[in-house]
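If you read the sequences in order, they're chains F and V.
Residue 41 is where the first sequence starts when you use the numbering used here, and the numbers rise one by one after that.
Residue 41 is where the second sequence starts when you use the numbering used here, and the numbers rise one by one after that.
Positions of the beta carbon are idealized from the N, C-alpha and C atoms, including for glycine.
Structure first, commentary second.
Number of protein chains: 2
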Amino acid sequence: MSYSSKIIESAVEALSSLPSIGKKSAMRLAIHLASDSFDKKEKLIAALTSMTNDLKICNQCYSFSDTAVCSICENPTRDRSTICVVETIRDLIAIEDTGSYRGLYHVLGGVISPLEGIGPEQLEIDTLITRVDELEAKEIVMALSPTIDGETTIFYINRLLESKDVNITTIARGVSFGGDLEYADEFTLGRSIKARLPYQQRQIL
Amino acid sequence: MSYSSKIIESAVEALSSLPSIGKKSAMRLAIHLASDSFDKKEKLIAALTSMTNDLKICNQCYSFSDTAVCSICENPTRDRSTICVVETIRDLIAIEDTGSYRGLYHVLGGVISPLEGIGPEQLEIDTLITRVDELEAKEIVMALSPTIDGETTIFYINRLLESKDVNITTIARGVSFGGDLEYADEFTLGRSIKARLPYQQRQIL
């Protein structure tokens with residue numbers, strides 16, 4: 041692409057390095073920002089600068105945090121006996137958004153994947169075990185992807201925690217709400233039939 | 041949405057104020073940037089800062105520029121006797137990208153639109169007339185949208201330039217290359233038949 045301005049050119053280049061933003065979208069964004077109010081640009085610059093300089097990783101759950109310990113780990117109203125184990129911070133936010141969970145989290149930073157050369161020592165598994173002891177946790181909710189690697193990770197963590205007095209649970213798998221049965225994949229539908237629940241129990245959920 | 045960090049929250053807010061970026065995409069972008077290398081963030085911040093502080097509008101063609109006069113207007117290899125009139129800087133870049141035009145540009149900043157209360161005095165029309173005189177331009181290429189407002193603007197500018205020794209041309213309209221005739225709208229197809237060219241002449245284009 042050709043531009044009459046090197047400044048716009050480097051803005052387009054920087055913006056198009058972001059995921060899911062191509063050259064054309066980056067150009068639209070750059071021109072929008074260039075024509076935009078001074079305030080809006082300043083706000084975006086301030087947000088990015090503070091992200092570069094001030095953003096920390098919580099030393100408890102390994103999610104993003106503004107302070108040494110994040111606002112979820114510090115929140116006294118949350119159930120400190122339950123820890124939900126997730127792969128990424130994105131998964132944590134997705135679960136937080138549902139408003140259905142009031143315990144703590146633990147971000148592993150991935151799952152065990154022999155094919156990709158990711159072993160347990162590269163993940164926050166040791167710290168999870170330490171936390172289970174420290175918090176005297178009663179339940180560990182495994183909210184990992186329903187993949188072979190996810191299952192392997194659950195199996196591995198389960199083994200480490202076997203000797204302790206803690207329940208390991210996994211999030212329910214089955215057909216999606218509002219989904220059409222005929223479009224559900226065979227594996228999900230099969231497991232969903234095998235894992236059927238008494239109607240009374242379902243009512244409670 | 042809930043976040044463990046106010047910093048991420050304000051980054052998401054700033055990013056989602058951009059066009060075509062919703063809350064979910066903004067979150068993905070913010071988390072990507074937060075996990076990203078220091079260099080990439082710095083580059084984006086530098087590009088935005090320089091856009092806020094250093095970006096100018098060319099005092100000749102009214103496109104974005106790093107200096108008082110933009111690189112296209114200053115380029116000595118461009119044909120200074122032809123001016124292409126466009127609505128927006130986006131249109132300018134789209135035409136530059138084709139590599140089919142070697143003249144100068146003039147960005148009107150919109151088209152005359154009585155319904156939206158945009159009159160000629162709000163557009164860079166006076167400056168266009170002055171430039172035609174200064175450059176002793178031989179051709180003005182009207183590359184405006186094929187809408188009623190676009191046509192009105194061409195008509196208005198044409199009247200102002202009638203007395204001068206300058207050719208007014210408009211970009212060709214017709215069916216798109218690679219387009220299926222049956223899907224072309226009636227109006228375009230109709231005009232495209234009326235404006236048919238001798239085969240020899242088409243070969244030259």
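So, with DSSP's three-state summary, where would you put residue i?
i: F/Tyr196; result: helix
i: F/Phe217; result: coil
i: F/Arg120; result: strand
i: F/Ile97; result: strand
i: V/Ile244; result: Confidence at V/Ile244 is low in this model, with a pLDDT of 49, below 50, so its placement is unreliable and the value that follows should be read with caution. In this structure, V/Ile244 counts as helix in the three-state DSSP scheme.
i: V/Ile61; result: coil
i: F/Ser75; result: helix
i: V/Ser153; result: strand
i: V/Lys83; result: helix
i: F/Ser105; result: strand
i: F/Gly190; result: helix
i: V/Ser203; result: coil
i: V/Tyr43; result: coil
Which residues in the same chain have their Cβ closer than 6 Å to the Cβ of residue i, if we skip the five residues on either side of it in sequence?
i: V/Thr107; result: none
i: V/Ser203; result: none
i: V/Leu69; result: Leu55
i: F/Val52; result: Ala66, Met67, Ala70
i: V/His146; result: Cys101, Ile123, Val125, Leu168
i: V/Ser232; result: Gly214, Val215
i: F/Leu63; result: Leu is not the amino acid found at residue 63 of chain F; the sequence shown has Lys there. The residues are Ser56.
Would you give the residue range spanned by the beta strand (DSSP E) that residue i belongs to?
i: V/Val181; result: 179-183
i: V/Thr128; result: Neither: V/Thr128 is in no beta strand (DSSP E) and is coded neither H nor E.
i: F/Thr209; result: 207-210
Checking 8 Å against the spacing of the C-beta atoms, do residue i and residue j come in under that value?
i: V/Cys124; j: V/Tyr141; result: yes
i: F/Ile129; j: V/Ile71; result: yes
i: V/Ile188; j: V/Thr210; result: no
i: V/Ile112; j: F/Ser44; result: yes
i: V/Ile85; j: F/Thr122; result: no
i: V/Ser57; j: F/Ser65; result: no
i: F/Leu88; j: V/Leu95; result: no
i: F/Leu148; j: F/Arg118; result: no
i: V/Ala183; j: V/Val109; result: no
i: F/Arg236; j: F/Leu175; result: no
i: V/Leu201; j: V/Val172; result: yes
i: F/Ser90; j: V/Ile47; result: yes
Going by DSSP, what residue range makes up the alpha helix (DSSP H) through residue i?
i: F/Gly143; result: That residue, F/Gly143, is in no alpha helix (DSSP H); its beta strand (DSSP E) goes 143-147.
i: F/Thr228; result: 226-234
i: F/Ile158; result: Note, F/Ile158: premise wrong, no alpha helix (DSSP H); not H, not E.
i: V/Asp173; result: 165-175
i: F/Glu114; result: 111-114
i: V/Ser50; result: 46-55
Suppose the cutoff is 8 Å on Cβ atoms and the five residues either side in sequence are ignored; what does the same chain contact list for residue i look like?
i: F/Ile152; result: Ile158, Gly159, Pro160, Leu163, Asp189, Thr192, Thr193, Tyr196
i: F/Leu221; result: Val215, Leu229
i: F/Asn207; result: Lys178, Glu179, Ile180
i: F/Phe104; result: Leu95, Lys96, Ile97, Cys98, Cys110, Ile129
i: V/Gly150; result: Glu127, Thr128, Ile158, Gln162, Leu163
i: F/Ala134; result: none
Go through its chain and collect everything with a Cβ distance to residue i's Cβ below 7 Å, but skip five positions before and after it.
i: V/Ile244; result: Caution is warranted here: a pLDDT of 49 is assigned to V/Ile244, below 50, making its placement in the model unreliable, and no coordinate value can be reported.
i: V/Glu49; result: Tyr43
So does residue i have its beta carbon nearer than 7 Å to some heavy atom of the ligand MG?
i: V/Ala177; result: Absence of the ligand MG is noted for the structure shown, with no ligands found whatsoever.
Select from the segment 201-235 of chain V all residues with a C-beta closer than 8 Å to any C-beta belonging to chain F, and list them in chain order. none
The segment 99-131 of chain V: positions lying closer than 7 Å to chain F by Cβ: Ser103, Phe104, Ser105, Asp106, Cys110, Ser111, Ile112, Ile129, Arg130
What residues from the segment 134-157 of chain F come within 7 Å of chain V, judged by C-beta to C-beta, listed N to C? Glu136, Asp137
What are the residues in the segment 78-100 of chain V lying within 9 Å of chain F by C-beta distance? Phe78, Lys80, Lys81, Glu82, Lys83, Leu84, Ile85, Ala86, Ala87, Leu88, Thr89, Ser90, Met91, Thr92, Asp94, Leu95, Lys96, Cys98
Using a Cβ-Cβ cut-off of less than 8 Å, give me the residues of the segment 161-180 of chain F that come near chain V, in sequence order. none
For the segment 186-201 of chain V, list every residue whose C-beta sits within 8 Å of some C-beta in chain F, in sequence order. none
Members of the segment 44-58 of chain V near chain F, C-beta cut-off 8 Å: Ser44, Ser45, Lys46, Ile47, Ile48, Ser50, Ala51, Glu53, Ala54, Leu55, Ser57, Leu58
If you measure beta-carbon to beta-carbon, which residues of the segment 63-74 of chain F are closer than 9 Å to chain V? Ser65, Met67, Arg68, Leu69, Ala70, Ile71, His72, Leu73, Ala74
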